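Heads up: the protein sequence lines correspond to chains A, B and C, in order. When you read off a place in the first sequence, starting at 1, and then add 7, the result is the number in the numbering used here. Position 4 of the second sequence, counted from 1, bears residue number -7 in the numbering used here, the numbering being contiguous throughout. When you read off a place in the third sequence, starting at 1, and then add 68, the result is the number in the numbering used here. For reference, the structure discussed in these notes is given below.
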Amino acid sequence: MKIGKQTFKIECKPCIYSTSSIVGPKEMQGPLANYFDLHIKDVFFDEKTFEKSESKMLESCINNLLVKSGITEHDVDVIFSGDLLNQCISSGFAIRSFDTPFLGLYGACSTFCEGMLLSSLLLESNCVKQVVAAASSHFCSAERQFRMPLEHGNQKSPTAQATVTASGAALITRREIADNGIHITHVTPGKIIDLGVTDMSNMGAAMAPAVFSTVSNHLNDTGRDINYYDAIITGDLGIHGTDMLIQLFKKEGIDISKKHKDCGILIYDEKKQDVNCGGSGCGCVASVFSSYFFNELKAKNINKILLVATGALMSPLSSSQGESIPGIAHAIAIENEV
Amino acid sequence: MDIFLEYGKVFLTGGIICTIGQILIDKTKITPARILTLFVTLGVILGFLGLYEPIYNFGKCGASVPISGFGYSLYKGTVKAISEQGFIGIFTGGVSATAGGIAAAVVFGFLASLFAKPTIK
Amino acid sequence: MNTNLNISNSEYNDLISKKAEKSPILKNIFFAFIIGGLICMLGQFIFDQMLNLNIDKEKAGTITSISLIFIGAFLTAINLYSRLGKIAGAGSTIPITGFSNSVVSPAIEFKSEGYILGIGANMFKIAGPVLVYGITTSVILGFIYYIFNYII
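Right, dumping it as structure tokens:
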């Protein structure tokens, strides 16, 4: 049911039954290493190309999800998945091996939440019982598509973020099929917000206004206060983008800094890992939510979170044509049944 | 002592040219591909204006090794070919003078790609 | 675009430039200067050795370029030039070794798309403009030189 301007209340309260994550070698050196299910030892993952490696990573991630949930591919009604590559090839090729309907998504780094959001709405319709939402990104395949060759010697801007090599997937079910108490209660699809940022190496700042817009509309629509949530988790604003988000809320007299967490900051140790402002990419929020935050929810260390995945909807082509970077952010309220 | 002075001049000239590039990168967010293009074009133009020759005479390889020196070679080659072949030299001179470098880049690039595999830093 | 943002594009972009971390420009300049200068000195060293072997200046220059391009290609292939570039910035981009790096790196990277459409078509992805604008400018200015010196 739509409430307010852009929020949907999900009456059936679907359950995030289980999650699965897989990360690359660099992410395994980061502070969240112990939370991930699987990891790959080298960026090629025994494949010939980075694109194939990314597909295999996503495939392994979904396979692991099915095993963890004790179900087969035939029990899943539909898989929503997306990635950063042109024509979403990582997802298409990964899901080729599953005998399951597939709906491909592109929301840049917001894809994981976009998938969970659509899953919730589809489950609300009662047409489906069990849905998988997944997303992936790979540092090397993303560098090839968006930036310079890996062997090219250049300096990154201090505001740049490193694409995370990771996949994450979540099984979302109707409660009568399976329930563990972790429910999606509201979803707020984001509007495209573009404040004219053109710097491709400053995506965090380009996406921060979209987070502001989605989060404040979500709070207005639900009549909730920022303190209702234990944590407001953004996808990949990075250090600089987080700073910009705090500034935007400060202008409205709201202090978000105590509630706010950013997956792009959490996944790496910025002091030791040479990542400038943190991580980014579809796999960033997907893997961090599917590991660390899902764990915290299960352990009831946190009970009410607003997961806000952020995306920068540009391409190298649009940037060459002088376009600015449109930002988007989709929010999902996830609450523990207490 | 002469040799120290000579190499000092080379170091200084090369260093300053690279420093100008670094300032442009940091201050204007200009990409490395654009920097290379800008410097090669500047090398040709400064050669035409007769301004690159004094830099070369002072800094030797400090002026010829940076990519602006490649531009200077293109222009110098053109002028030389014009004096030898006339009008057609406008077209043949530049690339002839730099042919060694271009062919080397292509061949070494091809060979390197046969043996090397991309990896992360 | 209907938003609840009380900030204009220019205000927001000003805020970004105020808050964004700046490149460590003095440190970058220092390394660009030192490493750029050193690469040029290496070139001078090769050039002088050629002159000592009684090779004429023009050939010595060409041999120097080819040697530096080889070194750049080799360091790129063993994954060292990208590390050097992180420290040196323009100090490793602007010397001819950087030109070599910008030819070799896409060649290695695009091997996965095959020999013709991968390596062949992408080798000059970054360095192509150098040839396009270098050659075009030299032909145009050569033409002007020709008119002034031989026609008028």
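Don't be surprised by glycine CBs; every beta carbon is placed ideally from N, CA and C. Note that the structure is a prediction, hence the values are computed from the model and not measured.
Compute the beta-carbon to beta-carbon distance between residue i and residue j, rounded to the nearest angstrom, for a pair I have assumed lies under 8 Å.
i                : j                : result
serine 144/A     : leucine 91/A     : 5 Å
histidine 337/A  : serine 98/A      : Not confirmed; about 17 Å, so no contact.
glycine 334/A    : alanine 217/A    : 4 Å
valine 204/A     : isoleucine 332/A : 5 Å
isoleucine 261/A : leucine 252/A    : Their Cβ separation, rounded to whole angstroms, is 11 Å, which puts isoleucine 261/A and leucine 252/A out of contact at 8 Å.
glycine 211/A    : threonine 166/A  : 7 Å
DSSP on residue i, reduced to helix/strand/coil?
i                : result
aspartate 269/A  : strand
cysteine 116/A   : strand
tyrosine 275/A   : coil
histidine 159/A  : coil
threonine 20/B   : coil
lysine 95/C      : helix
glutamine 94/A   : helix
glycine 66/B     : helix
isoleucine 162/C : coil
proline -2/B     : The question names proline, but residue -2/B is lysine in the sequence shown. DSSP places lysine -2/B in helix when its eight states are reduced to three.
serine 88/A      : strand
asparagine 70/C  : Annotation note: pLDDT 47 at asparagine 70/C (below 50); position unreliable, no value reported.
glutamine 280/A  : coil
valine 138/A     : strand
proline 55/B     : strand
Looking only at its own chain, which residues have a Cβ that is under 7 Å from the Cβ of residue i, when we skip the five neighbours before and after it?
i                : result
isoleucine 162/C : Gly104
asparagine 70/C  : Note that asparagine 70/C has pLDDT 47, beneath the 50 cutoff, so the model's placement of it is unreliable and no number is given.
alanine 342/A    : According to the sequence displayed, residue 342/A carries glutamate and not alanine. Within the same chain, glutamate 342/A has close Cβ partners His190, Thr192, Asn310, Lys311.
serine 173/C     : Thr144
arginine 181/A   : Cys19, Pro21, Leu130, Lys136
asparagine 217/C : none
threonine 2/B    : Ile44, Phe47, Gly48, Gly51, Ala52
valine 295/A     : Leu39, Cys270, Leu273, Ile274
alanine 149/A    : Leu91, Thr170, Gly288
leucine 63/B     : Val33, Gly83, Ala86, Thr87
Going along the chain, which residues of its own chain have a beta-carbon closer than 6 Å to the beta-carbon of residue i, five neighbours each way excluded?
i               : result
alanine 140/A   : Phe87, Gly122, Met123, Ser126, Ala177
alanine 340/A   : Thr192, His193, Leu313
threonine 107/A : Glu80, Val83, Ile86
glycine 111/C   : Thr132, Leu136
leucine 41/B    : First, the residue type needs correcting, since residue 41/B is tyrosine and not leucine in the sequence shown. Here the set comprises Leu35, Tyr61.
lysine 268/A    : Ala238, Ile240
Identify the residues that DSSP records as bridge partners of residue i: which are they?
i                   : result
serine 424/A        : Outside the shown range of chain A (8 to 345) lies residue 424/A, about which nothing can therefore be said.
cysteine 22/A       : Thr180/A, His190/A
glycine 286/A       : Ala169/A
valine 315/A        : Thr241/A, Ala338/A
lysine 16/A         : His193/A
histidine 225/A     : Histidine 225/A is not bridged to any residue.
histidine 46/A      : Val30/A
glutamine 74/B      : In DSSP, glutamine 74/B forms no bridge with anything.
leucine 202/A       : The partner list for leucine 202/A (beta bridge, DSSP) is empty, contrary to what the question assumes.
asparagine 343/A    : Ile189/A
isoleucine 10/A     : Thr14/A
phenylalanine 109/A : Ile86/A
Roughly how many angstroms lie between the CA atoms of residue i and residue j, to the nearest whole one?
i                  : j                  : result
glutamate 79/C     : lysine 307/A       : 41 Å
lysine 265/A       : arginine 23/B      : 42 Å
cysteine 305/A     : leucine 72/A       : In the sequence on display, residue 305/A carries lysine and not cysteine. Rounded to the nearest angstrom, the two C-alpha atoms are 16 Å apart.
leucine 199/C      : proline 55/B       : 15 Å
alanine 128/C      : glycine 160/A      : 27 Å
valine -1/B        : glutamate 158/A    : 28 Å
isoleucine 34/B    : alanine 213/A      : 38 Å
glutamine 280/A    : glycine 37/A       : 8 Å
serine 85/C        : glycine 290/A      : 28 Å
phenylalanine 37/B : glycine 58/B       : 13 Å
phenylalanine 43/A : leucine 244/A      : 21 Å
serine 174/A       : lysine 125/C       : 58 Å
lysine 18/B        : serine 180/C       : 30 Å
methionine 118/C   : glycine 89/B       : 16 Å
tyrosine 235/A     : threonine 20/B     : 45 Å
alanine 92/B       : phenylalanine 99/B : 11 Å
isoleucine 233/A   : proline 92/C       : 37 Å
proline 32/A       : isoleucine 96/A    : 22 Å
threonine 130/C    : lysine 55/A        : 38 Å
isoleucine 75/C    : aspartate 82/C     : 11 Å
glutamine 16/A     : methionine 8/A     : Position check: residue 16/A holds lysine in this sequence, whereas glutamine was assumed. Roughly 5 Å between the two C-alpha positions.
threonine 165/C    : asparagine 72/C    : 51 Å
Give me, in chain order, the residues of the same chain whose beta-carbon lies closer than 8 Å to that of residue i; leave out the 5 immediate sequence neighbours on both sides.
i                   : result
phenylalanine 104/B : none
isoleucine 79/B     : Thr67, Ala70, Ile71
The ligand NAD and residue i: does any heavy atom of the ligand fall closer than 8 Å to the residue's C-beta?
i             : result
glycine 318/A : Annotation note on the ligand NAD: not contained in the displayed structure, which lists no ligands.
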